[in-house]
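Have a look at the structure below before the remarks.
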Amino acid sequence: GQQLNQSPQSMFIQEGEDVSMNCTSSSIFNTWLWYKQDPGEGPVLLIALYKAGELTSNGRLTAQFGITRKDSFLNISASIPSDVGIYFCAGPSTDSWGKLQFGAGTQVVVTP
Amino acid sequence: DAGITQSPRYKITETGRQVTLMCHQTWSHSYMFWYRQDLGHGLRLIYYSAAADITDKGEVPDGYVVSRSKTENFPLTLESATRSQTSVYFCASSVGSSYNSPLHFGNGTRLTVT
Numbered sequence: 001g002q003q004l005n006q007s008p009q010s011m012f013i014q015e016g017e018d019v020s021m022n023c024t025s026s027s028i029f030n031t032w033l034w035y036k037q038d039p040g041e042g043p044v045l046l047i048a049l050y051k052a053g054e055l056t057s058n059g060r061l062t063a064q065f066g067i068t069r070k071d072s073f074l075n076i077s078a079s080i081p082s083d084v085g086i087y088f089c090a091g092p093s094t095d096s097w098g099k100l101q102f103g104a105g106t107q108v109v110v111t112p
Numbered sequence: 001d002a003g004i005t006q007s008p009r010y011k012i013t014e015t016g017r018q019v020t021l022m023c024h025q026t027w028s029h030s031y032m033f034w035y036r037q038d039l040g041h042g043l044r045l046i047y048y049s050a051a052a053d054i055t056d057k058g059e060v061p062d063g064y065v066v067s068r069s070k071t072e073n074f075p076l077t078l079e080s081a082t083r084s085q086t087s088v089y090f091c092a093s094s095v096g097s098s099y100n101s102p103l104h105f106g107n108g109t110r111l112t113v114t
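Quick mapping for you: the protein sequence lines, in order, are chains A and B. Quick note: the first sequence, position 43, residue 43 per the numbering used here, numbers continuous. Quick note: the second sequence, position 68, residue 68 per the numbering used here, numbers continuous.
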């Protein structure tokens, strides 16, 4: 089946720095989703992308749907302490309608 | 308050015991899901349900049983718990199919099997 590879696995950054992470798929996606999980909570949807080349922002977060439709990128600008958490990419599973497949996550730690 | 709630928040059980994790949502969402989260694996789908009395297997269903007699409840049962089922379990719901309707997650149940 398809695989989602998310990198980096973890990031230690200083407050104010920009953050970039990406996700690649072994097959073409029609949708890319980015979720964030705060410590001790469930993931929350940040950004949804539905078209190749699409660039969408949500505050200091910007995500892009890669032209090849096999990758997506998430950028966080001017990081703040509350950006700490795990960021997941996700896309629809090709083997069954209605199911999402998640990447392994990128853990972000922000130091003052 | 409206939302999706999971119980218990923490559970310790012994190998071989049956344990049920509860999930309740107040939005009347059609779709409900159970995921497990393990280090290095992200979130893996165990079972999902498109509506009451309709359930289907996900990526890692072995050792789990679900039911959905009412739209708002989607319990997950481990029939005979094993140490490999130690994990954090998340229930989620959505209005429609996952990729055009956001998943709303509960806060998780941390299960330890000794």
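From the three backbone atoms N, C-alpha and C, an ideal C-beta is built for every residue, glycine too.
- Spanning the alpha carbons of Tyr64 (chain B) and Glu79 (chain B) requires a straight line of approximately 6 Å.
- Here DSSP, grouped into helix, strand and coil, assigns Asp56 (chain B) to strand.
- Distance check between Ala52 (chain A) and each of A:Asn22, A:Trp32, A:Gly40 and A:Gly16 places A:Trp32 closest, using alpha-carbon atoms only.
- Minimum Cα-Cα distance from Gln18 (chain B) among the listed residues B:Ala81, B:Leu103 and B:Ala92 corresponds to B:Ala81.
- Around the beta carbon of Lys99 (chain A), 16 or more other beta carbons sit within 10 angstroms, so the residue counts as buried.
- As computed with DSSP, Phe105 (chain B) is found in a beta bridge with B:Ala92.
- The count of Cβ pairs closer than 8 Å, one atom from the segment 52-61 of chain A and one from the segment 7-14 of chain A, stays below three, leaving the stretches out of contact.
- By alpha-carbon distance to Asp71 (chain A), the top candidate from A:Glu15, A:Met11 and A:Ser26 is A:Ser26.
- The beta carbon of Gly108 (chain B) is closer than 7 Å to those of Gln6, Val88, Tyr89 and Phe90 in its chain, skipping five residues each way along the sequence.
- When the beta-carbon positions are compared, Cys23 (chain B) and Ile54 (chain B) stay at least 8 Å from each other.
- By the beta-carbon neighbour count (other beta carbons within 10 angstroms, threshold 16), Thr106 (chain A) is buried.
- Within the DSSP bridge table, the entry for His24 (chain B) names B:Thr5 and B:Asn73 as partners.
- Contact check for Arg110 (chain B) and Tyr47 (chain B): beta-carbon distance about 19 Å, past the 8 Å limit, so the pair fails to qualify.
- Pro39 (chain A) counts as exposed, since fewer than 16 other C-beta atoms from the protein chains shown sit within 10 angstroms of its C-beta.
- Any Cβ of chain B closer than 8 Å to the Cβ of Lys99 (chain A) would place that residue at the interface, and such an atom is present.
- Rounded to the nearest whole angstrom, the CA to CA distance from Arg69 (chain A) to Leu46 (chain A) is 19 Å.
- Per DSSP, the unbroken beta strand (DSSP E) holding Ala51 (chain B) starts and ends at Gly42 to Ala51.
- For Cys23 (chain A) and Glu15 (chain A), the gap between their C-alpha atoms comes out near 23 Å.
- Chain A places no beta carbon closer than 8 Å to that of Asn73 (chain B), leaving this residue out of the contacts.
- Residue B:Pro75 holds the alpha-carbon nearest to the alpha-carbon of Gln25 (chain B) among B:Thr112, B:Ser97, B:Val113 and B:Pro75.
- Close to Ala104 (chain A), with beta-carbon spacing below 7 Å, are these residues of chain B in chain order: Gly40, His41 and Gly42.
- For Val109 (chain A), the number of other beta carbons within 10 angstroms of its own is below 16, and it is reported as exposed.
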